[in-house]
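Participant:
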Ligand code: MG
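In our numbering, the protein residues as written are 4 to 286.
Here it is as structure tokens:
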């Protein structure tokens, strides 16, 4: 089978129809009857051409392998063939016509790309999810936040490395694809996640998006704490998230705020993270 990558809307049905249509012939091609009236430009005028019996050849095209090799070996024209069926016809091979599909249109002009993008976009939806996580602070030598260890006189306490930033983003991604929450996938009662680095959880959520044929669009996380100061570490966090998620840095936002001394984050009892993620998936 030969296909032209400039016709991206190929599906399994096209291939099945082609193989059925091949029968005992040397080849079969998908083709559409010419529906428009066809004109020929002549010196000083135009004339109407007969369109009866005219077909527009598409791809994929199917051939028996050895007859196609032989036909290529016998091709003697200086000009390259415009399709494989033409090579087969030239040696008298029998090629069958199988009803094609307008969706197999060829991307040639800028307007073809615009139409293809509209068609591809129509088959996908954008989903958004949010996630919140908080962990308690206790005596220690540093906190893990968004995959970066920041030196501090406290640490975040939790079953894993207690990276509230990664946990919030993980929940946001799981939320966007309706896959429950981080505790469903990595139960805190399971000893294998004790002290686990949280990038494992985030990678898993990103994998689930890809397994559905989806793609992350962007993530945005806000860390809420008085200390440590987040700003000096923001770029390193974005780069770490970029590495874990396989997403460009400009699709990743890390922000920080305080609560001006109010509440548990203000009293430095714990750190809160809140995240939003957008993904696009097939409908
Ligand atoms: Mg957590």
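Built from N, CA and C at the ideal position, the CB exists for glycine as well.
Just so we're clear, the structure is a prediction, and the values are computed from it rather than from any experiment.
Classify residue 157: buried if its beta carbon has 16 or more other beta carbons within 10 angstroms, exposed otherwise.
Facilitator: Position 154 of the chain shown holds residue 157. That one is buried.
Participant: Using a threshold of 8 Å, state whether the C-beta atoms of residue 224 and residue 171 are closer than that.
Facilitator: Residue numbering aside, residue 224 sits at position 221 when the chain shown is read from its first letter. Residue numbering aside, residue 171 sits at position 168 when the chain shown is read from its first letter. A contact, by the Cβ cut-off of 8 Å.
Participant: Going along the chain, which residues of its own chain have a beta-carbon closer than 7 Å to the beta-carbon of residue 98, five neighbours each way excluded?
Facilitator: Translated into the one-based positions of the chain shown, residue 98 becomes position 95. So the list reads 28, 29, 30, 31, 32, 88, 91, 92, once near-sequence residues are dropped.
Participant: Can you look up residue 9 in the DSSP assignment and give me helix, strand or coil?
Facilitator: Taking the first residue of the chain shown as position 1, residue 9 is located at position 6. Residue 9: coil per DSSP, three-state reduction.
Participant: Under 8 Å, do residue 159 and residue 140 count as touching if we go by C-beta distance?
Facilitator: Position 156 of the chain shown, counted from the first residue, corresponds to residue 159. Position 137 of the chain shown, counted from the first residue, corresponds to residue 140. In this structure, residue 140 lies closer than 8 Å to residue 159 by Cβ.
Participant: Would you say residue 136 touches ligand 1, meaning its beta carbon is less than 7 Å from a heavy atom?
Facilitator: The residue labelled residue 136 in the question sits at position 133 within the chain shown. Yes, ligand 1 has a heavy atom inside 7 Å of this Cβ.
Participant: Could you say which of 236, 228, 248, 49 lies nearest to residue 151 if we only look at CA atoms?
Facilitator: Counting from 1 along the chain shown, the entry for residue 151 is found at position 148. Among 236, 228, 248, 49, the Cα nearest to that of residue 151 belongs to 236.
Participant: Return the CA-CA distance between residue 221 and residue 111, expressed in angstroms with no decimal places.
Facilitator: For this step, residue 221 is matched to residue 218 along the chain shown. For this step, residue 111 is matched to residue 108 along the chain shown. Rounded to the nearest angstrom, the two C-alpha atoms are 31 Å apart.
Participant: What are the residues that DSSP puts in a beta bridge with residue 252?
Facilitator: Within the chain shown, the letter at position 249 stands for residue 252. Per DSSP, none; premise fails for residue 252.
Participant: Under 7 Å Cβ to Cβ from residue 211, same chain only, skipping five residues before and after it: list those, please.
Facilitator: The residue given as residue 211 occupies position 208 in the chain shown. Only 180, 182 meet the Cβ criterion.
Participant: Examine the Cβ distances between the segment 190–209 and the segment 242–250 and report whether three or more of them are shorter than 8 Å.
Facilitator: Contact between the segment 190–209 and the segment 242–250 is present, because at least three Cβ pairs lie under 8 Å.
Participant: Determine whether the beta carbon atoms of residue 276 and residue 226 lie at a separation below 8 Å.
Facilitator: In the chain shown, residue 276 corresponds to position 273, counting from 1. In the chain shown, residue 226 corresponds to position 223, counting from 1. Result yes, Cβ atoms of residue 276 and residue 226 sit closer than 8 Å.
Participant: Taking all protein chains shown into account, decide if residue 185 is buried (16 or more other Cβ within 10 angstroms of its Cβ) or exposed.
Facilitator: Here residue 185 corresponds to residue number 182 of the chain shown, with the count starting at 1. It counts as buried.
Participant: On the three-pair Cβ rule with 8 Å, is the segment 6–21 touching the segment 60–70?
Facilitator: Yes, the segment 6–21 touches the segment 60–70.
Participant: Quick check: what's the CA-CA separation for residue 70 versus residue 83?
Facilitator: In the chain shown, counting from the first residue as 1, residue 70 sits at position 67. In the chain shown, counting from the first residue as 1, residue 83 sits at position 80. Taking the straight line joining both Cα atoms gives about 18 Å.
Participant: For residue 254, I'd like the list of residues in its chain whose CB is within less than 6 Å of its CB, leaving aside the five on either flank, ordered along the chain.
Facilitator: As a first step, residue 254 must be located in the chain shown, where it is residue number 251. Closer than 6 Å at Cβ, skipping near neighbours: 221.
Participant: Out of curiosity, what's the CA-to-CA distance linking residue 197 and residue 238?
Facilitator: Here residue 197 corresponds to residue number 194 of the chain shown, with the count starting at 1. Here residue 238 corresponds to residue number 235 of the chain shown, with the count starting at 1. The straight-line gap from Cα to Cα measures roughly 28 Å.
Participant: Less than 7 Å between C-beta atoms, sequence neighbours within five positions excluded: which residues of the same chain meet that for residue 60?
Facilitator: The count along the chain shown starts at 1 and reaches residue 60 at position 57. These residues qualify, in order along the chain: 32, 34, 86, 88.
Participant: Report buried or exposed for residue 270, applying the criterion of at least 16 other Cβ atoms within 10 angstroms of its Cβ.
Facilitator: Within the chain shown, residue 270 is the residue found at index 267, counting from 1. The residue is exposed, with fewer than 16 neighbouring Cβ atoms inside 10 Å.
Participant: One question on the structure: do residue 107 and residue 17 come within less than 8 Å of each other, judged by their Cβ atoms?
Facilitator: As a working mapping, residue 107 is identified with position 104 in the chain shown. As a working mapping, residue 17 is identified with position 14 in the chain shown. Contact flag set, yes.
Participant: Can you check which of these residues, 280, 12, 234, is closest to residue 119 by C-alpha distance?
Facilitator: Locating residue 119 in the chain shown gives position 116, where the first residue counts as 1. Nearest option by C-alpha distance: 12.
Participant: Go ahead and pull the three-state DSSP assignment for residue 353.
Facilitator: Not covered by the structure: residue 353. The range shown for the chain is 4 to 286.
Participant: Return the bridge partner residues of residue 281 from the DSSP annotation.
Facilitator: For this step, residue 281 is matched to residue 278 along the chain shown. 131, 221, per the DSSP bridge assignment.
Participant: Apart from the five residues just before and just after residue 145, which ones in its own chain have a Cβ nearer than 7 Å to its Cβ?
Facilitator: For this step, residue 145 is matched to residue 142 along the chain shown. Same-chain partners within the cutoff: 152, 153, 154, 155, 158.
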